[in-house]
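Student: Below you will find the structure I want to go over with you.
Numbering (this note's numbering), first residue to last: -5 to 196.
Rendered as structure tokens:
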């Protein structure tokens, strides 16, 4: 079956239930999203975190990065608590000050457990297996609701404040705000890394 190269547009409209409301909605459950959600929840806000995968942590967990780069001590209350919880499980390398050590290894199987337990501890509502789809914007350019989609289909989420931690400015882009891609002078981006694991090699 051949596939046309032309771009064709269709009209699609559907009423979706307003299923979730919170003070703060965080789109993306990587380390930035988890940190933003925890910071907001610790400050007393009701928080919903939307993550497309089955677990939080982003590239640090799902991506298999496996190390925190740079200085890991005194980086703020949220990160300090994450490190302290990892240390309880003996799941992070001993601390060595930067620049004597430029990274700190952690257990990628334990980190998502630690992050999820901290989010639940502070009352963050997790929407896992949930994809951000679109936004509804007011005439003055303020986001009213966002549309998310999990196994129940498209649903609306309303928040007083939205934090875009998608890694690719998806929320901002879909809302029509100005975004940029890559370096200013040539739009080139940081190339992707390939992470892999080798086990039981004799």
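Think of the CB as a built atom: it goes at the ideal place given N, C-alpha and C, for glycine as much as any other residue.
Can you grab the Cα-Cα spacing for the pair residue 131 / residue 94, in whole Å?
Tutor: As a first step, residue 131 must be located in the chain shown, where it is residue number 137. As a first step, residue 94 must be located in the chain shown, where it is residue number 100. Taking the straight line joining both Cα atoms gives about 48 Å.
Student: Here's the rule I'm using: 16 or more other beta-carbon atoms within 10 Å means buried, otherwise exposed. How should residue 183 be labelled?
Tutor: What you label residue 183 is simply residue 189 of the chain shown in a count that begins at 1. Residue 183 should be labelled exposed.
Student: State the CB to CB distance for the pair residue 137 and residue 156, rounded to an integer number of angstroms; the pair is presumed to be in contact (CB under 8 Å).
Tutor: Translated into the one-based positions of the chain shown, residue 137 becomes position 143. Translated into the one-based positions of the chain shown, residue 156 becomes position 162. Correct: roughly 5 Å between the Cβ atoms.
Student: Are the beta-carbon atoms belonging to residue 149 and residue 13 less than 8 Å from one another?
Tutor: If you number the chain shown from 1, residue 149 lands on position 155. If you number the chain shown from 1, residue 13 lands on position 19. Going by C-beta atoms, residue 149 is nearer than 8 Å to residue 13.
Student: Any idea what DSSP makes of residue 87, helix, strand or coil?
Tutor: As a position in the chain shown, residue 87 is number 93, starting the count at 1. In this structure, residue 87 counts as coil in the three-state DSSP scheme.
Student: Is there contact here, the stretch 120 to 127 with the stretch 90 to 105, by at least three beta-carbon pairs under 8 Å?
Tutor: Judged by Cβ distances under 8 Å, the stretch 120 to 127 makes no contact with the stretch 90 to 105, as fewer than three pairs qualify.
Student: Measure the Cβ-Cβ separation of residue 27 and residue 159 and say whether it is below 8 Å.
Tutor: Residue 27 sits at position 33 when you count from the first residue of the chain shown. Residue 159 sits at position 165 when you count from the first residue of the chain shown. Cβ atoms of residue 27 and residue 159: closer than 8 Å.
Student: For residue 17, tell me which candidate among 25, 36 and 3 has the shortest Cα-Cα distance.
Tutor: In the chain shown, counting from the first residue as 1, residue 17 sits at position 23. Per the Cα distances, 36.
Student: Around the Cβ of residue 42, are there at least 16 other Cβ atoms within 10 angstroms (buried) or fewer (exposed)?
Tutor: Position 48 of the chain shown, counted from the start, is the residue given in the question as residue 42. By the neighbour-count rule (16 or more Cβ atoms within 10 Å), residue 42 is buried.
Student: Which parts of the stretch 121 to 170 are runs of the alpha helix (DSSP H), unbroken and 4 residues or longer, counting only runs that do not cross its ends?
Tutor: Correct list: 164 to 168.
Student: Judging by CA-CA distance, which residue of 163, 135 and 125 is the nearest neighbour of residue 145?
Tutor: Along the chain shown, read from residue 1 onward, the residue named residue 145 stands at position 151. Closest option to residue 145, Cα to Cα, is 125.
Student: For a quick check, are the C-beta atoms of residue 24 and residue 64 less than 8 Å apart?
Tutor: If you number the chain shown from 1, residue 24 lands on position 30. If you number the chain shown from 1, residue 64 lands on position 70. It is not a contact, given that the beta carbons lie outside the stated cut-off.
Student: Less than 8 Å between the beta carbons of residue 57 and residue 191, yes or no?
Tutor: Against the chain shown, residue 57 aligns to sequence position 63. Against the chain shown, residue 191 aligns to sequence position 197. No. Outside cutoff.
Student: By Cβ distance, which residues of its chain are closer than 6 Å to residue 15, with the 5 residues on each side in sequence left out?
Tutor: For the purposes of this step, residue 15 is taken as the residue at position 21 of the chain shown. Cβ neighbours of residue 15 beyond the five flanking positions: 152.
Student: Residue range of the alpha helix (DSSP H) that residue 73 falls in?
Tutor: In the chain shown, residue 73 corresponds to position 79, counting from 1. Element bounds for residue 73: 71 to 82.
Student: Using DSSP bridges, identify the partner residues of residue 41.
Tutor: Translated into positions along the chain shown, residue 41 becomes position 47. DSSP, once it has assigned bridges, lists 18 as partnering residue 41.
Student: Name the residue from 44, 92 and 53 whose alpha carbon lies nearest to the alpha carbon of residue 66.
Tutor: Within the chain shown, numbered from 1, the residue matching residue 66 stands at position 72. Ranking 44, 92 and 53 by Cα distance to residue 66 puts 92 first.
Student: Per DSSP, what kind of secondary structure is residue 30 in: helix, strand or coil?
Tutor: On the chain shown, position 36 is the one that residue 30 refers to. Three-state DSSP puts residue 30 in a helix.
Student: Please tell me whether residue 129 and residue 142 are closer than 8 Å, where the distance is taken between their beta carbons.
Tutor: Counting from 1 along the chain shown, the entry for residue 129 is found at position 135. Counting from 1 along the chain shown, the entry for residue 142 is found at position 148. Cβ distance not < 8 Å, so residue 129 and residue 142 don't count as in contact.
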